[in-house]
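Peer 1: In the working numbering, the protein residues as written are 14 to 381.
Okay, here's the structure, questions in a sec.
This is the structure:
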């Protein structure tokens, strides 16, 4: 090993969490650089007595998003740059490219972004092999649940198993009575937190008002629960779903699958996940903080993509003063007043603003 030029990689550190505490002394030694990697670290690191603050930079990894999936399938950077330009300028995409991107997006709904699954598809194009690996990953999740949280195993199993069916419900909210008629949120709360911190599930919390900052009106016990990977979600539904997705059969609830992709993409790009619901205005699929404003997002999987009563109601509300909204659908780009209609595969072009370096100082000479 060459001091100053060697990178040391520790994998599966959840099996020996003491290395996280010990890394402080290795970093102080200064001879080498280190990467720590593992599964369920969001859960495991929480129990470490002394996390070395200032010695670790934590990077949360997600399944491949759709743009990364395109790259894996050798979609040219020129095409991706052109799509990004169309997104920014709100100009329609060349129709042939649009159709091919929709075809690739439907494939992504099946394959998802788990690295082993994407690798298997790229090598073989065999969807049966894809499904086999996905179902194996799901079974590993169940084993991890039993291994790492014995006290709440039954609750975790029940919640995880219910996610696909709950997303098929009309409002897609997690209905607590489906778990237990005598449900108490406090009894299950740790299980929901575990699934989130383990990176298995993505909660989307309800906000009472679509106003900045969204966190102020967040409801912690009213939420939708999505899987962290849309391919795994598809694998948990009935056999044959993959072929139905590719052929666009009408008996599939694409709404649940599309919204899962949306949650997955938004989370991977750094957005906090919220939706809005009120008896007066209705429900918005997602609301995010974007470019200094609240941005409502509607996810439409069918032909009636221009019908969105709740969105219309919210945009008319003067006190919200929302400047624009996006509807992600199967169609090409178009605009109508404050609303921009965008292809669903473009949701990954939403990006959080980068924080610019801001240097500020006060002249304290009068106090010295």
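Ideal placement from N, C-alpha and C gives every residue a C-beta, glycine not left out.
Can you tell me whether DSSP reads residue 363 as helix, strand or coil?
Peer 2: Position 350 of the chain shown, counted from the start, is the residue given in the question as residue 363. Coil.
Peer 1: Compute the Euclidean distance between the alpha carbons of residue 52 and residue 27, then round it to the nearest angstrom.
Peer 2: For this step, residue 52 is matched to residue 39 along the chain shown. For this step, residue 27 is matched to residue 14 along the chain shown. Looking at the two C-alpha atoms, the distance is approximately 7 angstroms.
Peer 1: Could you check if residue 311 is buried or exposed, using at least 16 other CB atoms within 10 Å of its CB as the buried criterion?
Peer 2: Here residue 311 corresponds to residue number 298 of the chain shown, with the count starting at 1. So residue 311 counts as buried.
Peer 1: Check whether the region 268-282 and the region 127-143 touch, using three or more Cβ-Cβ pairs below 8 angstroms as the test.
Peer 2: Flag = no, the region 268-282 and the region 127-143 do not touch.
Peer 1: Starting from residue 355, follow its DSSP beta bridges and name the residues at the other end.
Peer 2: As a first step, residue 355 must be located in the chain shown, where it is residue number 342. Paired residue(s): 341.
Peer 1: Compute the distance between the beta-carbons of residue 239 and residue 208, then report whether it is under 7 angstroms.
Peer 2: The sequence position of residue 239 within the chain shown is 226, counting from 1. The sequence position of residue 208 within the chain shown is 195, counting from 1. Taking 7 angstroms as the Cβ cut-off, residue 239 and residue 208 do not qualify as a contacting pair.
Peer 1: Pair every Cβ in the region 370-377 with every Cβ in the region 293-300, then say whether three or more of these pairs are closer than 8 angstroms.
Peer 2: No, the region 370-377 is not in contact with the region 293-300.
Peer 1: Determine the burial state of residue 31: buried for a count of at least 16 other Cβ atoms within 10 Å of its Cβ, exposed for fewer.
Peer 2: Your numbering for residue 31 matches position 18 in the chain shown. Under this definition residue 31 is an exposed residue.
Peer 1: For the structure I just gave you, are there three or more beta carbon pairs, one from the region 219-238 and one from the region 70-79, closer than 8 angstroms?
Peer 2: Segments in contact, no.
Peer 1: Can we say the region 338-353 touches the region 102-117, given the rule of at least three CB pairs closer than 8 angstroms?
Peer 2: With a cut-off of 8 angstroms, the region 102-117 and the region 338-353 count as touching, because enough Cβ pairs lie within range.
Peer 1: Count the other C-beta atoms from every protein chain shown that fall within 10 angstroms of the C-beta of residue 149, then say buried if there are 16 or more, exposed otherwise.
Peer 2: Locating residue 149 in the chain shown gives position 136, where the first residue counts as 1. Counting Cβ neighbours within 10 Å, residue 149 comes out exposed, since fewer than 16 surround it.
Peer 1: On the premise that residue 47 lies in contact with residue 36, defined as a C-beta separation below 8 angstroms, what is that separation, rounded to the nearest angstrom?
Peer 2: Here the question's residue 36 lines up with position 23 in the chain shown. Here the question's residue 47 lines up with position 34 in the chain shown. With a Cβ gap of about 6 angstroms, residue 36 and residue 47 count as contacting.
Peer 1: Per DSSP, which residues does residue 231 bridge with? Please list them.
Peer 2: Position 218 of the chain shown, counting from 1, holds the residue named residue 231. In DSSP, residue 231 forms a bridge with 220.
Peer 1: Within the chosen definition, does the region 97-106 reach the region 249-263 through at least 3 CB pairs nearer than 8 angstroms?
Peer 2: Cβ pair count under 8 angstroms is below three, so no.
Peer 1: Within the continuous beta strand (DSSP E) that includes residue 67, where are the two ends?
Peer 2: As a working note, residue 67 is residue 54 in the chain shown. Here residue 67 belongs to no beta strand (DSSP E), and DSSP marks it neither H nor E.
Peer 1: Count the other C-beta atoms from every protein chain shown that fall within 10 angstroms of the C-beta of residue 225, then say buried if there are 16 or more, exposed otherwise.
Peer 2: Within the chain shown, residue 225 is the residue found at index 212, counting from 1. Exposed, since its Cβ has fewer than 16 Cβ neighbours within 10 Å.
Peer 1: Which residue comes first and which comes last in the beta strand (DSSP E) that contains residue 309?
Peer 2: The residue given as residue 309 occupies position 296 in the chain shown. Per DSSP, residue 309 belongs to the beta strand (DSSP E) from 306-312.
Peer 1: Can you look up residue 121 in the DSSP assignment and give me helix, strand or coil?
Peer 2: In the chain shown, counting from the first residue as 1, residue 121 sits at position 108. In this structure, residue 121 counts as helix in the three-state DSSP scheme.
Peer 1: Are residue 245 and residue 152 close, meaning C-beta to C-beta below 7 angstroms?
Peer 2: If you number the chain shown from 1, residue 245 lands on position 232. If you number the chain shown from 1, residue 152 lands on position 139. Taking 7 angstroms as the Cβ cut-off, residue 245 and residue 152 do not qualify as a contacting pair.
Peer 1: Measure the CB-CB distance between residue 181 and residue 269 and report whether it falls below 7 angstroms.
Peer 2: The sequence position of residue 181 within the chain shown is 168, counting from 1. The sequence position of residue 269 within the chain shown is 256, counting from 1. The answer is yes: Cβ separation under 7 angstroms.
Peer 1: Identify whether residue 261 lies in helix, strand or coil by the three-state DSSP scheme.
Peer 2: Taking the chain shown and counting its residues from 1, one reaches residue 261 at position 248. Residue 261: coil per DSSP, three-state reduction.
Peer 1: Please return the same chain residues whose Cβ sits closer than 7 angstroms to the Cβ of residue 166, not counting the five positions on each side in sequence.
Peer 2: Position 153 of the chain shown, counted from the start, is the residue given in the question as residue 166. Excluding sequence neighbours, residue 166 sits near 158 and 159.
Peer 1: Assign residue 177 to buried or exposed, taking buried as 16 or more other Cβ atoms, counted over all protein chains shown, within 10 Å of its Cβ.
Peer 2: Along the chain shown, one-based indexing puts residue 177 at 164. The residue is buried, with at least 16 neighbouring Cβ atoms inside 10 Å.
Peer 1: Using 10 angstroms around the beta-carbon of residue 29, count the other beta-carbons present and answer buried if the total reaches 16, otherwise exposed.
Peer 2: Along the chain shown, read from residue 1 onward, the residue named residue 29 stands at position 16. It is exposed - the Cβ of residue 29 has fewer than 16 other Cβ atoms within 10 Å.
Peer 1: Using a threshold of 7 angstroms, state whether the C-beta atoms of residue 288 and residue 219 are closer than that.
Peer 2: Counted from its first residue, the chain shown places residue 288 at position 275. Counted from its first residue, the chain shown places residue 219 at position 206. Yes, the pair counts as a contact, with Cβ atoms nearer than the cut-off.
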